[in-house]
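Heads up, the sequence shown is in the working numbering, so the first residue is 5 and it goes up one at a time.
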Amino acid sequence: MFQRLFGRQRQANRAITDALYTRIVAAARQEPLYSAWNVPDTPLGRFEMLSLHMFLFQHRLRGEQGPPAEIAQLLIDEFFLDVDHSLRELGISDVGVPKRMKKLAKMFYGRTEAYRAAVEGSDRAGLAAALARNVRPEDASWPEASALADYVLGADVFLKAQQTSDICAGRLEYPAPKAA
5 MFQRLFGRQR
15 QANRAITDAL
25 YTRIVAAARQ
35 EPLYSAWNVP
45 DTPLGRFEML
55 SLHMFLFQHR
65 LRGEQGPPAE
75 IAQLLIDEFF
85 LDVDHSLREL
95 GISDVGVPKR
105 MKKLAKMFYG
115 RTEAYRAAVE
125 GSDRAGLAAA
135 LARNVRPEDA
145 SWPEASALAD
155 YVLGADVFLK
165 AQQTSDICAG
175 RLEYPAPKAA
């Protein structure tokens with residue numbers, strides 16, 4: 005009986021995690037991010053946008069206790085499993101994956117700290133600078149960074165307006181980026 009009960013709970017958690025992660029990935033793949041705002045449509049550019057949208061999700065649930073905190077952790081785990089899988093699909097060897105995962109994890113957590121500080125301080129210029137530094141590091145100037153910063157600040161407000169109970173039920177929405 006216990007196995008059946010716990011098995012159902014695990015399946016429900018998996019369904020919620022899958023639904024949420026699907027929404028996060030869909031938000032990260034929104035076409036205007038790449039076409040209007042000049043985010044590189046490359047594996048690294050897609051990693052940047054997925055990291056950004058994962059940050060927004062994690063920031064929304066920051067400070068929550070109980071099931072929301074558990075869901076946030078499950079989503080981080082899912083994110084890193086997806087990154088691992090993507091590295092393997094790109095042909096990175098079993099020996100090279102852990103080294104790259106360590107580097108990508110460091111990148112992710114460094115970015116989330118920079119984004120968190122800027123978002124919490126409503127620092128549009130600081131956020132645009134952090135985004136430019138991370139998304140287009142090879143460019144001396146990236147004019148679209150300010151539009152992406154506006155999107156991130158708006159998305160933060162948009163996500164905060166969503167009920168935690170809805171998010172924990174697998175319902176999550178991101179705003180659509182508005183192409184200039």
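We put the beta carbon where it would ideally sit given N, CA and C, even for glycine. Small disclaimer: the values here were computed from a predicted structure and weren't measured.
{"Query": "Determine, using beta-carbon pairs with one atom in the region 46-59 and one in the region 100-115, whether at least three such pairs fall under 8 Å.", "Result": "yes"}
{"Query": "Give the single residue among Val-29, Gln-34, Gly-49, Pro-71 whose Cα lies nearest to the Cα of Ala-173.", "Result": "Pro-71"}
{"Query": "Measuring only the C-alpha atoms, how far is Arg-104 from Pro-44?", "Result": "20 Å"}
{"Query": "From Leu-24 to Glu-142, what distance separates their C-alpha atoms?", "Result": "32 Å"}
{"Query": "Can you tell which of Ser-145, Val-101, Leu-78 has its C-alpha closest to the C-alpha of Val-87?", "Result": "Val-101"}
{"Query": "Which word fits Gln-7, buried or exposed, when buried means at least 16 other C-beta atoms lie within 10 angstroms of its C-beta?", "Result": "Low local confidence applies: a pLDDT of 46 at Gln-7 is under 50, so the model's placement there is unreliable, with the coordinate-based value given in what follows. That one is exposed."}
{"Query": "Can at least three beta-carbon pairs, one atom from the region 129-136 and one from the region 152-164, be found at a separation below 8 Å?", "Result": "yes"}
{"Query": "Given a cut-off of 8 Å, decide if Thr-116 and Gln-77 are closer than it, judged by their beta-carbon atoms.", "Result": "no"}
{"Query": "Using the beta-carbon count (16 or more within 10 Å), is Asp-22 buried or exposed?", "Result": "exposed"}
{"Query": "Considering only C-alpha positions, which residue in the set Gln-166, Val-139, Arg-175, Ala-159 is nearest to Glu-52?", "Result": "Val-139"}
{"Query": "Compute the beta-carbon to beta-carbon distance between Ala-40 and Ala-183, rounded to the nearest angstrom, for a pair I have assumed lies under 8 Å.", "Result": "4 Å"}
{"Query": "Would you report the Cα separation of Leu-48 and Ala-134, rounded to the nearest angstrom?", "Result": "16 Å"}
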